[in-house]
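2 protein chains.
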Amino acid sequence: MQLEKVVAYHKALADATRVRMLILLADGELNGMTLAERLSLTPATITHHATKLREAGLIQERRDKNTIYFSLNNYLLHAGAGAAEELISRRHSHSDKGGQEMDEEGQKLQALEQEAAKEKFRASVLRSFIDKEGRLKSIPAQFKKKLVVLEHLAQKLEPGRAYPEKEINEFIVQFHPDFATLRREFIMQQFMFRQKEVYELNPVEMWPRWTQLS
Amino acid sequence: MQLEKVVAYHKALADATRVRMLILLADGELNGMTLAERLSLTPATITHHATKLREAGLIQERRDKNTIYFSLNNYLLHAGAGAAEELISRRHSHSDKGGQEMDEEGQKLQALEQEAAKEKFRASVLRSFIDKEGRLKSIPAQFKKKLVVLEHLAQKLEPGRAYPEKEINEFIVQFHPDFATLRREFIMQQFMFRQKEVYELNPVEMWPRWTQLS
DNA sequence: CAACTCCTTAGCCATTTATCTAATTAGATA
DNA sequence: TATCTAATTAGATAAATGGCTAAGGAGTTG
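So the protein lines, in turn, are chains A and B. Just so we're aligned, residue 1 is where the first sequence starts under our numbering, counting upward by one. Just so we're aligned, residue 215 is where the second sequence starts under our numbering, counting upward by one.
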């Protein structure tokens, strides 16, 4: 029952304090004490909320000496690579004409949630199509899901390296027997290009962005 | 502080019972008693949750004699007009090979949330750019927001009716003084077409779909 | 190892909330 | 009008949750 996970995710965002934390983190990582100050809460309370955000996969943390820095989950920030990223990430210009467009905060939230939704879709598709051994259970029929899976596999290839057809086939067979179809898909969907008999990964910028489909 | 609204929205989805209700409703409208039975809860409890879902704008209701039918918010269903709609709406084929693709439930949720996210974006943009009198405060610079606003205005025009340039100008001026720019945008963004000096609304299918932009 | 810093855990309290039962309202129908 | 049906409201209760304080790590630095 992955209903649980959905509910858990929304529970994580169903508290003003936690959302405020995310908004603060959208400007860059912060340590616990700072968060506590900014929100006028005790460090204990921050820990409490950080735990929930972490469980929902929304934040990450790293330790530097005694200090623990919290930040938004990397995937949420980099997965989209879309316009949303601009909104969320690192902007320090808090000076505007203070008029209408004042709800920058809302925009960030917007973006945050869009990213989270995408990531959840991605996770859900991979859960459905990839088994524990990492093998592809089947090739998704739905276009968007297919892209998710292809992207997933493409990420395992070395950028810049030239793969002879034989190697590509071997690579694919690790995950699915139908190497011919998948190899063709890699080309058709622009994950790779082919020169003579040699395959090479396209730069990530050329990969299709399933996040932009309905 | 529209943080409140965001939190309220997530609170609405932060309960398993409510999410189950939405899943049930995704197959079509249901009345309170039926929901109560299906979920093994009392009618009172259904009312309780329905109230929250309604406040979050996720469901609608209509009355027929003594019975009140709940359904997913129309906008959520029709706004997208995208693939998401397929997923959500009315599917009665619950027979599959029961294997991997078993989490249809998850897919619906997925879709639901995507739609809700879009609608929230739309609402947020309109809140920013439309004043209480319904006038346009300014023309959004961001493309996606601009589309939202144009769509909003275009909806107020009569489909199939031919508007002489003079009338279009008058129409637009009701909302914003810069009728020239907006009129041009309507054409450029394919909301309308022009024959000679006469403007007419394009069929909705031709309108741009901002929901598909990152 | 002693002292310091930052974070987490444990335990407590107040508030919110999911659910129920029982009483009430809204509307249809006889 | 009396009665029936479906939904809502009121009130109670138990559970979950946000916040605090105080004590306990974990890791650094003298």
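The beta carbon of each residue, even a glycine, is placed where N, CA and C say it ideally should be. Note that the structure is predicted; figures quoted are calculated from it, not measured.
ask   = Going by other Cβ atoms of all chains shown within 10 Å of its Cβ, with 16 needed for buried, is ALA162 (chain A) buried or exposed?
value = Exposed, by the Cβ-count rule.
query = Can the beta-carbon of LEU13 (chain A) be found closer than 9 Å to that of ALA264 (chain B)?
reply = Judged by beta-carbon spacing, ALA264 (chain B) lies beyond the 9 Å limit of LEU13 (chain A), meaning their Cβ atoms are not closer than that value.
task = Within its chain, find whatever has a CB closer than 8 Å to the CB of ARG18 (chain A); leave out the 5 residues flanking it on each side and keep chain order.
result = Sequence-distant partners of ARG18 (chain A) (beyond 5 residues in either direction) whose C-beta falls short of 8 Å from its own C-beta, in its chain, are ALA12, HIS49, LYS52, LEU53.
task = With LEU286 (chain B) as the anchor, note down where its alpha helix (DSSP H) starts and where it stops.
result = Annotation for LEU286 (chain B): no alpha helix (DSSP H) segment contains it, though the beta strand (DSSP E) segment containing it runs 281 to 286.
request  = Would you decide whether LYS132 (chain A) is buried or exposed? Buried here means 16 or more other CB atoms lie within 10 Å of its CB.
outcome  = Of the residues assessed, LYS132 (chain A) falls on the exposed side of the cut-off, its CB having fewer than 16 other CB atoms within 10 angstroms.
query = Do VAL238 (chain A) and PHE121 (chain A) have their C-beta atoms closer together than 9 Å?
reply = This structure does not reach residue 238 (chain A), given that chain A is present from 1 up to 214, and the question cannot be answered.
inquiry  = Any beta carbon from chain B within less than 9 Å of GLU217 (chain A)'s own beta carbon?
reply    = Nothing can be reported for residue 217 (chain A): it is not among the residues displayed for chain A, which extend from 1 to 214.
query = What separation, rounded to the nearest whole angstrom, lies between the Cα atoms of THR181 (chain A) and PHE191 (chain A)?
reply = Looking at the backbone, the Cα of THR181 (chain A) and that of PHE191 (chain A) are separated by about 14 Å.
inquiry  = With a threshold of 9 Å between beta-carbons, can VAL220 (chain B) be considered close to chain A, or not?
reply    = Chain A places a beta carbon closer than 9 Å to that of VAL220 (chain B), counting this residue as a contact.
message = I'd like to know whether the C-beta of LYS225 (chain B) is nearer than 9 Å to at least one C-beta of chain A.
response = LYS225 (chain B) counts as touching chain A.
inquiry  = Which residues in chain B have a C-beta closer than 9 Å to the C-beta of VAL19 (chain A)? List them in chain order.
reply    = Residues of chain B passing the Cβ test: LEU217, VAL220, VAL221, HIS224.
query = Mind checking MET165 (chain B): buried by the 16 CB within 10 Å criterion, or exposed?
reply = No statement about residue 165 (chain B) is possible, as the shown extent of chain B runs from 215 to 428 and does not include it.
message = Checking the sheet assignment: what are the DSSP bridge partners for MET406 (chain B)?
response = Answer is B:LEU415.
request  = Report yes or no: is there a C-beta of chain A within less than 9 Å of the C-beta of ASP229 (chain B)?
outcome  = Answer yes: the Cβ-Cβ gap between ASP229 (chain B) and chain A drops below 9 Å somewhere.
inquiry  = Let me check one thing: in DSSP terms, what residues is ASP64 (chain A) bridge-paired to?
reply    = Within the DSSP bridge table, the entry for ASP64 (chain A) names A:THR67 as partners.
Close Cβ partners of TYR283 (chain B) (< 6 Å) along its chain, the five nearest in sequence each way excluded = Taken in chain order, the residues that qualify are GLU243, ASN245, ARG276.
For PRO43 (chain A), the first and last residue of its enclosing alpha helix (DSSP H) = Per DSSP, PRO43 (chain A) belongs to the alpha helix (DSSP H) from 43 to 55.
task = Classify GLU151 (chain A) as buried or exposed, calling it buried when 16 or more other Cβ atoms lie within 10 Å of its own Cβ.
result = It counts as buried.
inquiry  = The beta strand (DSSP E) that contains ALA162 (chain A), what's its start and end?
reply    = Counting along the chain, the beta strand (DSSP E) containing ALA162 (chain A) begins and ends at 162 to 164.
ask   = From what residue to what residue does the alpha helix (DSSP H) around GLY28 (chain A) run?
value = No residue range can be given for GLY28 (chain A), since it is assigned to no alpha helix (DSSP H) and is classified by DSSP as neither H nor E.
request  = State the start and end residues of the unbroken alpha helix (DSSP H) segment that holds ALA12 (chain A).
outcome  = For ALA12 (chain A), the enclosing alpha helix (DSSP H) stretches over residues 3 to 12.
VAL125 (chain A) versus SER338 (chain B): straight-line alpha-carbon distance, rounded = Between VAL125 (chain A) and SER338 (chain B), the C-alpha separation is close to 29 Å.
message = Less than 9 Å between the beta carbons of LYS351 (chain B) and SER342 (chain B), yes or no?
response = In this structure, LYS351 (chain B) lies near SER342 (chain B), with their beta-carbon atoms less than 9 Å apart.
request  = Rounded to whole angstroms, what's the CA-CA distance from ALA36 (chain A) to PRO159 (chain A)? Just pull it up for me.
outcome  = Approximately 42 Å between the Cα atoms of the pair.
key: Coarse secondary structure for ILE382 (chain B), derived from DSSP in three states   = Reduced to three states, the DSSP call for ILE382 (chain B) is helix.
Backbone secondary structure at LEU371 (chain B) - three-state DSSP = If DSSP states are grouped into helix, strand and coil, LEU371 (chain B) belongs with coil.
inquiry  = Assuming ALA154 (chain A) and PHE186 (chain A) are in contact, meaning their beta carbons sit under 8 Å apart, how far apart are those beta carbons, in whole angstroms?
reply    = The pair is a contact, with the Cβ atoms about 7 Å apart (cut-off 8 Å).
query = By how many angstroms is the C-alpha of ALA230 (chain B) removed from the C-alpha of LEU24 (chain A)?
reply = Looking at the two C-alpha atoms, the distance is approximately 29 Å.
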